[in-house]
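Working notes, beginning with the structure itself.
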Amino acid sequence: MLPYPSGKLHMGHVRNYSIGDALARYMWMRGYNVLHPMGWDAFGLPAENAALKEGRDPRDWTLSNIAHMKAQMQRLGFAFDWNREVASCEPEYYRWNQWFFLKMYERGLAYRKEALLNWCPECCTVLANEQVVNGCCWRHETTPVEQRAMQQWFLKTTAYASELLDDMRELQDGWPERVLAMQRNWIGRSEGAEVDFAVDGLPEKIRVFTTRIDTIYGATCLILAQEHPLVNLLVQDEAERLKIKEMIDATARQDPGNIQKLGLPTGRCAVHPFSGSRIPIWIGNFVLMGYGTGAIMAVPAHDERDFEFCRTYGIPVVPVIRPEDGALDDGATMQQPFVDYGVVENSGQWSGLSSAEARKQMAAFANANGFGNEAITYRIKDWGISRQRYWGTPIPIVYCPKCGIVPVPEKDLPVHLPLGVKITGQGKSPLETVESFMNVSCPRCGAAARRESDTMDTFVDSSWYFYRYCDPRNDQAPFASDAIAYWFPIDQYIGGVEHAILHLIYSRFWTKVMRDIGIVRNSEPAKRLFTQGMVIKDGAKMSKSLGNVVSPDDMVAQFGADSARMYSLFAAPPDRDLDWQEDGVSGVNRFLARLYRFVTRKADGAENTETGDADRQALRKLHQTVRKITNDFDSRWHFNTSIASLMELVNELYAVEAKLSKTSLRQICETLALLLAPFAPYTAQDLWDTLGHTDPVFRHPWPQYDPELAKEDLAEIPVQVNGKLRAHIHAAFGTPREQLEALALDHERVKPFLDGKRVSKVIVVPDRLVNIVAK
RNA sequence: GCCCGGGUGGCGAAAUCGGCAGACGCAAAGGACUUAAAAUCCUUUUCGCCGCAAGGCGAGUGCGGGUUCAAGUCCCGCCCCGGGCACCA
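As structure tokens, this is what we get:
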């Protein structure tokens, strides 16, 4: 049916758009000015795969997919604002990616270096750390990434590490705790100290990072990461080097979640800067080059990993911290390390101090004597944005044999992505083969030079495209700052939790950079974030990579767009996972038809002009329903209960239908159309037209409810005896306690349960409940 | 191991502030309309026991305790499922 194999709209999209669209329509009806754009994939990888398989131009493929997706969204009744399209594959847009890149380059926030990078053999490109999931590619969940040393462009997210962390305070109330926790974890701030250890007999020093400098007298060896730069110097012997390589290979073969600790002695010693004693230097497979300094001091008595390592290799265990009210362990016999804070012992002049006090004083001492300092380390790393892909924004850099790295001048932007490129999937940048693209004269000296052949990660696009919606036709700047000042920060952002440490961290970073460049004033992109639950199908999470997506095409053909989207709202509250069952759609469809029949049947006019009990009853239910749905929108977004209450209303209307008067029917039908508008816009508009209106239904004010009309005449009050329900009494609202108590005690269904017992207490909650305590 | 969610009928779920557990929908069963089917409309439907029946009694929200007149909801201790992080020094 579709002209392309991929690019199906999956239910995750339908779900988050249903939620956002319902809210936007409600807000419009409440009179708010709502800018309500919907994002879409930049289609980087699928575009290239399609190009590889079908020989199509990826750019053409992407554009047709976006067009397809927009058409789908329109068929599903979502409110695209057609004047605000931003296609991240268009030069008018990606030009600004390049502009931002140059601004960052000027500020030292974009730089090039050689590094070990995650390489996905399936994608034939490198990935950012954020895009590696369980050691595998985020798009190929069973393909392990490889490590490759490459020249890459990085954006300095680490420069904003502390701000990204601190500003989460502002997000505390509006963002889900789990997303903040994931980001906190990812940024990974640790406070501690850096300490230099001299290498015995060599001028080199080894710097380690520790959060527990108070335990330093218990350090019995240093351990370097396998990739540590000093390893080559310390280990000269070829046979020894071979062993290191074997260890690296053995580590790579192990289950990444549970790696057995391996180590090799270097034969060298380090000089302990506090005690002056000599401790051996080891190489260990569990020490990460990418964190801290790539070297640690091992304190086996007070760290679990060090304990395991040192026991394995027979390295001494020296306890130097004792519990507040306990004795120091015996290093030879202790079974597990003591990792808590306590009192420092056997540590020279610091013995007797608390751990906390020792941390401060020892770091200060190291600083005063020039071999260390207090330090804060972050786990987050800079964002590698180079991709060896065709699809993406060309990086606006020229390599000149004389001038070196030269940025493309702003006036020469955009650097166009050449069309008609053959994608080979061979793992080299496709652009490298396009000589007309690669050959360029140096913007600085005019000499023959070569362009950068990599393109940017498509997460660059998603980091800021939503800003462009405010001013999409601007050709002087990414957008006008004033347009942003009006709309930003976003009041409500809706998306999947899978982007917690990808898009949602990149876009926060990008916003802070834009603020520092001076084109936006806000520091955070979104005040509130709502993460919808996953869509589960047959017990598995629905995802593009697993391939178990439900195409909305069949469903739309069978039941119409409104039923499909309304079902996604009805089946579960939006924050919970949604178990997708095709059967459920028919139920919603049945309800819509039922409602539709009721309104159209009555639209041409009923006969009855008398108002009576049935009218009062129906109007009461109507006002209760308006109250219920309004409350759901204003507080907790449990649209499943909103829709359930609409169903209840329609059920009740069917029951009293024949007795309703002309005037109340008119009011009921109009309100029904309005209440339906956020959930089923096509049906609602159709009904609205049928009722003789000519304006769009969602431009009409949201119905008001009258609390008096919504009130029941009599309260139905349950009567319990010893907490068990025995009867109901009916009484006017506000009936005093004494009267309710008397009514309850006198109730013929209650009396038998009081026989032979003494009433010791009667709990009365006016209008709510009576509970008689009898023994 | 640590951090988040969650556990309620055959199923998706509801119970918003500690106050009638199971709203609404699916599936199932029965009835009306129909030559018939579909569609539609109406009824029944947590489980167990008693009753010809109207109805009645008891149990019940993962398990075990606790607080309370009253617990799906609060407290303590567990179990299970989903998600995230995981040698982060």
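Residue numbering for the first sequence follows our numbering, starting at 49 and increasing by one per position. Note that the Cβ used here is the ideal one computed from N, Cα and C, for glycine as well. Owing to the predicted nature of the structure, the values given are computational and were not obtained by experimental measurement.
Around the Cβ of H778, are there at least 16 other Cβ atoms within 10 angstroms (buried) or fewer (exposed)?
On the first sequence, residue 778 is found 730 positions in, with the first residue counted as 1. It counts as exposed.
Taking the straight line between their C-alpha atoms, what separation do you get for L228 and M216?
Position 180 of the first sequence, counted from the first residue, corresponds to residue 228. Position 168 of the first sequence, counted from the first residue, corresponds to residue 216. When rounded, the distance between both Cα atoms is 7 Å.
Roughly how many whole angstroms lie between the Cα atoms of L290 and W147?
Locating residue 290 in the first sequence gives position 242, where the first residue counts as 1. Locating residue 147 in the first sequence gives position 99, where the first residue counts as 1. Answer to the nearest angstrom: the Cα atoms are 47 Å apart.
Applying the criterion that 16 or more other CB atoms from any shown protein chain within 10 Å of the CB defines a buried residue, is E242 buried or exposed?
Taking the first residue of the first sequence as 1, we reach residue 242 at position 194. Classification for E242: buried.
I need the DSSP call for H58, collapsed to helix, strand or coil.
Stepping through the first sequence from its first residue, residue 58 is reached at position 10. Coil at H58, not helix or strand.
Measuring only the C-alpha atoms, how far is L773 from L788?
Within the first sequence, the letter at position 725 stands for residue 773. Within the first sequence, the letter at position 740 stands for residue 788. Cα to Cα, L773 sits roughly 16 Å from L788.
Okay, do the stretch 373-388 and the stretch 196-212 touch, 3+ Cβ pairs below 8 Å being the bar?
With the cut-off at 8 Å, the stretch 373-388 and the stretch 196-212 do not touch.
If you follow the alpha helix (DSSP H) that N819 is part of, which residue opens it and which one closes it?
Counting from 1 along the first sequence, the entry for residue 819 is found at position 771. From DSSP, N819 is part of no alpha helix (DSSP H) but of the beta strand (DSSP E) over 817-822.
Are there three or more Cβ pairs, one per stretch, closer than 8 Å when the stretch 488-507 is compared with the stretch 440-448?
Enough Cβ pairs lie closer than 8 Å, so yes.
Opposite Y541 in the DSSP bridges: which residues?
Reading the first sequence from its first residue, position 493 is the one you call residue 541. According to DSSP, Y541 bridges with L577.
Can you tell me the Cα-Cα spacing of R237 and R301, whole angstroms?
In the first sequence, residue 237 corresponds to position 189, counting from 1. In the first sequence, residue 301 corresponds to position 253, counting from 1. Roughly 30 Å separates the two Cα atoms.
Since I believe A209 is in contact with I428 (beta carbons under 8 Å), could you give me their beta-carbon distance rounded to a whole number of angstroms?
Residue numbering aside, residue 428 sits at position 380 when the first sequence is read from its first letter. Residue numbering aside, residue 209 sits at position 161 when the first sequence is read from its first letter. With 8 Å as the limit, I428 and A209 qualify as a contact, their Cβ atoms being about 5 Å apart.
What does the alpha-carbon distance come out to for the pair L50 and S112?
The residue given as residue 50 occupies position 2 in the first sequence. The residue given as residue 112 occupies position 64 in the first sequence. Any reading at L50 must be qualified, since the residue scores a pLDDT of 34, below 50, and its modelled position is unreliable; no value is offered.
How is P53 classed by DSSP in three states: helix, strand or coil?
As a working mapping, residue 53 is identified with position 5 in the first sequence. Here the model assigns P53 a pLDDT of 38, short of 50, so the residue's position is not dependable, and the following value carries that caveat. Three-state DSSP puts P53 in coil, outside helix and strand.
Enumerate, from N- to C-terminal direction, the unbroken alpha helix (DSSP H) stretches of 4 or more residues contained entirely within the stretch 648-697.
Fully enclosed alpha helix (DSSP H) runs of 4 or longer: 661-682.
For the alpha helix (DSSP H) containing T314, list its first residue and its last residue.
Taking the first sequence and counting its residues from 1, one reaches residue 314 at position 266. Careful: T314 lies outside any alpha helix (DSSP H), inside the beta strand (DSSP E) at 311-319.
Could you name the residues of the same chain whose beta carbon sits closer than 7 Å to that of A533, not counting the 5 residues immediately before and after it, in chain order?
Against the first sequence, residue 533 aligns to sequence position 485. Counting only Cβ-Cβ distances below 7 Å, and skipping sequence neighbours, we find R569.
In its own chain, which residues sit with a C-beta less than 8 Å from the C-beta of R624, not counting the 5 before and 5 after it?
In the first sequence, counting from the first residue as 1, residue 624 sits at position 576. Here the set comprises G581.
For D262, count neighbouring C-beta atoms within 10 Å of its own C-beta (all shown protein chains included) and say buried if the count is 16 or more, exposed if not.
For the purposes of this step, residue 262 is taken as residue 214 along the first sequence, with counting starting at 1. Counting Cβ neighbours within 10 Å, D262 comes out buried, since at least 16 surround it.
Would you mind stating whether D682 and S690 have Cβ atoms separated by less than 7 Å?
In the first sequence, the residue the question calls residue 682 occupies position 634. In the first sequence, the residue the question calls residue 690 occupies position 642. No; because the gap between Cβ atoms is not below 7 Å, this pair is not in contact.
Three or more C-beta pairs closer than 8 Å, one from the stretch 274-293 and one from the stretch 307-325: is that the case here?
Enough Cβ pairs lie closer than 8 Å, so yes.
If you compare alpha carbons, which of K118, G804, F781, A822 is closest to R816?
Numbered from 1 along the first sequence, position 768 holds the residue referred to as residue 816. Checking every option, the nearest Cα to that of R816 belongs to F781.
With contact counted as at least three CB pairs below 8 Å, one residue from each stretch, are the stretch 161-180 and the stretch 396-410 in contact?
No, the stretch 161-180 does not touch the stretch 396-410.
Are the beta-carbon atoms of P442 and V456 separated by less than 7 Å?
Counting from one through the first sequence, the residue named residue 442 turns up at place 394. Counting from one through the first sequence, the residue named residue 456 turns up at place 408. No, these two residues do not count as a Cβ contact at 7 Å.
Hey, is the stretch 77-89 in contact with the stretch 628-635, meaning 3+ C-beta pairs nearer than 8 Å?
The stretch 77-89 is not in contact with the stretch 628-635.
Please report how far the alpha carbon of L250 lies from the alpha carbon of A318, in whole angstroms.
As a working note, residue 250 is residue 202 in the first sequence. As a working note, residue 318 is residue 270 in the first sequence. Roughly 10 Å separates the two Cα atoms.
On the criterion of 16 or more Cβ atoms from any shown chain inside 10 Å, does P755 qualify as buried, or is it exposed?
Numbered from its first residue, the first sequence carries residue 755 at position 707. Counting Cβ neighbours within 10 Å, P755 comes out exposed, since fewer than 16 surround it.
Check whether the stretch 791-799 touches the stretch 701-711, counting contact only when three or more Cβ pairs, one atom from each stretch, lie closer than 8 Å.
Short answer: they don't touch.
Does the contact criterion of 3 or more C-beta pairs under 8 Å hold for the stretch 549-557 versus the stretch 503-522?
With a cut-off of 8 Å, the stretch 503-522 and the stretch 549-557 count as touching, because enough Cβ pairs lie within range.
For Y389, which three-state DSSP category applies?
Sequence index remark: in the first sequence, residue 389 carries index 341 (1-based). Reduced to three states, the DSSP call for Y389 is coil.
Quick check: R326 and D244, are their CB atoms within less than 7 Å of each other?
Residue mapping note: residue 326 aligns to position 278 of the first sequence, counting from 1. Residue mapping note: residue 244 aligns to position 196 of the first sequence, counting from 1. Their beta carbons are not under 7 Å apart, which means R326 does not touch D244 by this criterion.
Figure out for me which residue from E372, I331, M152, Y615 has the closest Cα to the Cα of D354.
Position 306 of the first sequence holds residue 354. Ranking the options by Cα distance to D354, first place goes to I331.
Would L723 be called buried (16 or more neighbouring beta carbons within 10 Å of its own) or exposed?
Here the question's residue 723 lines up with position 675 in the first sequence. Buried.
Helix, strand or coil, according to DSSP, for K476 in the structure here?
Counting from 1 along the first sequence, the entry for residue 476 is found at position 428. Here K476 sits in coil by DSSP.
Closer than 6 Å by C-beta to P53: which residues in its own chain qualify, once you throw out the five before and the five after it? Chain order, please.
Start at 1 with the first residue of the first sequence, and residue 53 comes out as number 5. With a pLDDT of 38 at P53, under the threshold of 50, the modelled position of that residue is not reliable, and no figure is offered here.
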